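One structure below.
In our numbering, the protein residues as written are 190 to 764.
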């Protein structure tokens, strides 16, 4: 019985194991599943049967096996889900717990269910040490710190081999892909798309060592909001983003050098007027000049990196791991002075062609595809981006640890040969001590910033467009008040995923500094992720035993290019 349910996901055939309890409750079990179909879908597929049973509270226990695409794709993981569906005319409420550690025994689950069904999820969460995931409560995102050569990233929705973000609750924590996998539609919406990537970039305050890659994206859209600028790195309070081309470089592109000679009339030839140069010729001249400078720098960079690798190996250190700035400086000082001077000169030749954008706390940066950019040292930002991993590294003033070569030609071909223009935010709402401004409106997502005076409040709702929201607190503090009266404390750099079906909530500024937060959400008009199937688009063919039997599981396998990947595969991409 369980097998036929797993194949279709929409069968009304009752499961082989069912126990009735108080409060019109029903406990069902479906063992031997893969990661699909999700428990939420299975429960909805049982609606006719549940109607016959008069069940208002349905509990589904599933034992599953899957491959974790973000780790070793060949390793099979066993895990257990227990989901409660409180049925209602509006779709009801889902609460669930999941563990991949020590699985609970069916006998003790049945015993706890028979004692008090409505406390079953709370009991299981304590036993599992897991967070309770609920469609009507915010999911508090637990940060995951990932070291980088230039500092560190703090992930809130990141999932890959170097780290997995988690959802934190009073009873424990659950890895994000498992939290989102139990009933994805109520959490992330009808399209079941991977959530936006949310992370903090926290560079070192040291020049060069805290500078990020000079890179460009073909597909990824991202935006930064500056959280702080380290005064030890930038005493005047303004950090720097290198982005686009310097206006002077664009203005002078394609000009002919006189060379100091004279023409037939005994006069020096005039430089060619920029207006006489076609846009195409100017683009070509800019690309050629920048490529020549980066290529020259890359040669000396590889020479330096090779020498440093040999020194590290002699010390017994791993050259493919980040090196602390203090040690790196010490090792660089041992290199020939002429080599260090040449590196500095060639690096400066590249950077003089790039735009320098001053950044202060609260400033906004928008980076659509095609913008060459590098955040500089000591500038801490919060970043929202599309759940896509792709970047082209044009240059880096340290050894790149994530790939063997730079992508100079590809990066320059993808970049816009023009100056970068900082965005302007737009005020969309101002009332009773609450100011809301639109930070960015990309095709895939939008971000708003809200500032609230002390004791100001704002009534909110996630129902518009059936979209989830990501909430990140930047300054001050406050509370999120739910219809039940439950409150959630809001502190700086805390982050939450608000489920698509969470509904109403109120934000209250309780700090003397008020409350400032960023809120990101997917655009309702955004199409589904290519290759993704939604709740309503799933067919029996897509829920065959091939997807649900681990021995034949193709989850995460790329059968037609990167864009055919499922939600878990997209979640597992690095950036």
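Heads up, the beta-carbon is just placed ideally off N, CA and C, and yes, glycines get one too. Predicted model only: the values in this text are computed from it and were never measured.
Per-residue DSSP class, three states only, for residue i
i, result
"residue 680", "coil"
"residue 317", "helix"
"residue 367", "helix"
"residue 661", "strand"
"residue 701", "coil"
"residue 247", "strand"
"residue 439", "helix"
"residue 236", "helix"
"residue 492", "helix"
"residue 298", "helix"
"residue 406", "coil"
"residue 671", "coil"
"residue 695", "strand"
"residue 332", "coil"
"residue 398", "coil"
Pairwise C-alpha distance: residue j and residue i
i, j, result
"residue 316", "residue 297", "11 Å"
"residue 546", "residue 579", "24 Å"
"residue 400", "residue 392", "7 Å"
"residue 208", "residue 311", "19 Å"
"residue 527", "residue 541", "21 Å"
"residue 668", "residue 679", "5 Å"
"residue 611", "residue 518", "34 Å"
"residue 427", "residue 419", "9 Å"
"residue 322", "residue 559", "38 Å"
"residue 704", "residue 649", "15 Å"
"residue 711", "residue 665", "26 Å"
"residue 501", "residue 467", "50 Å"
"residue 651", "residue 327", "11 Å"
"residue 554", "residue 338", "22 Å"
"residue 599", "residue 469", "18 Å"
"residue 425", "residue 568", "13 Å"
"residue 636", "residue 413", "10 Å"
"residue 618", "residue 693", "19 Å"
"residue 362", "residue 332", "11 Å"
"residue 257", "residue 266", "7 Å"
Sub-8 Å separation of residue i and residue j beta-carbons
i, j, result
"residue 278", "residue 320", "no"
"residue 697", "residue 670", "yes"
"residue 274", "residue 232", "yes"
"residue 264", "residue 224", "no"
"residue 707", "residue 656", "no"
"residue 699", "residue 681", "no"
"residue 408", "residue 572", "no"
"residue 318", "residue 360", "yes"
"residue 430", "residue 565", "yes"
"residue 303", "residue 581", "no"
"residue 349", "residue 423", "no"
"residue 659", "residue 709", "yes"
"residue 514", "residue 417", "no"
"residue 293", "residue 314", "no"
"residue 346", "residue 373", "no"
"residue 776", "residue 539", "Given that the chain is displayed from residue 190 to residue 764, the structure contains no residue 776 and the question cannot be resolved."
Proximity winner among the options, relative to residue i (alpha-carbon distances)
i, options, result
"residue 646", "342, 655, 437, 695", "695"
"residue 382", "610, 702, 496, 576", "576"
"residue 286", "683, 402, 308", "308"
"residue 421", "411, 394, 441, 640", "394"
"residue 387", "373, 343, 415, 397", "343"
"residue 239", "276, 519, 251", "276"
"residue 205", "212, 211, 221", "221"
"residue 509", "270, 593, 539", "593"
"residue 271", "244, 496, 516, 215", "215"
"residue 552", "631, 626, 504", "626"
"residue 244", "261, 281, 267", "281"
"residue 248", "213, 257, 261", "213"
"residue 378", "713, 702, 689, 486", "689"
"residue 487", "544, 474, 536, 357", "536"
"residue 415", "358, 617, 548", "548"
"residue 477", "402, 438, 590", "438"
"residue 602", "305, 480, 290, 490", "480"
"residue 630", "588, 556, 608", "556"
"residue 306", "489, 210, 385, 284", "210"
Contact belief for residue i with residue j at Cβ below 8 Å, rounded distance in angstroms
i, j, result
"residue 595", "residue 586", "In fact, because the Cβ distance is near 12 Å, the residues do not count as touching under 8 Å."
"residue 330", "residue 634", "In fact, because the Cβ distance is near 17 Å, the residues do not count as touching under 8 Å."
"residue 433", "residue 613", "Between residue 613 and residue 433 the Cβ distance is about 16 Å, and since that is not below 8 Å, they are no contact."
"residue 390", "residue 628", "16 Å between Cβ atoms; not a contact."
"residue 364", "residue 351", "Rounded, the Cβ-Cβ distance is 14 Å, inconsistent with contact."
"residue 397", "residue 324", "Not really, about 47 Å apart at Cβ, beyond 8 Å."
"residue 435", "residue 544", "5 Å"
Any chain E beta carbon closer than 8 Å to residue i
i, result
"residue 246", "The question asks about chain E, but that chain is absent: this structure has only one protein chain."
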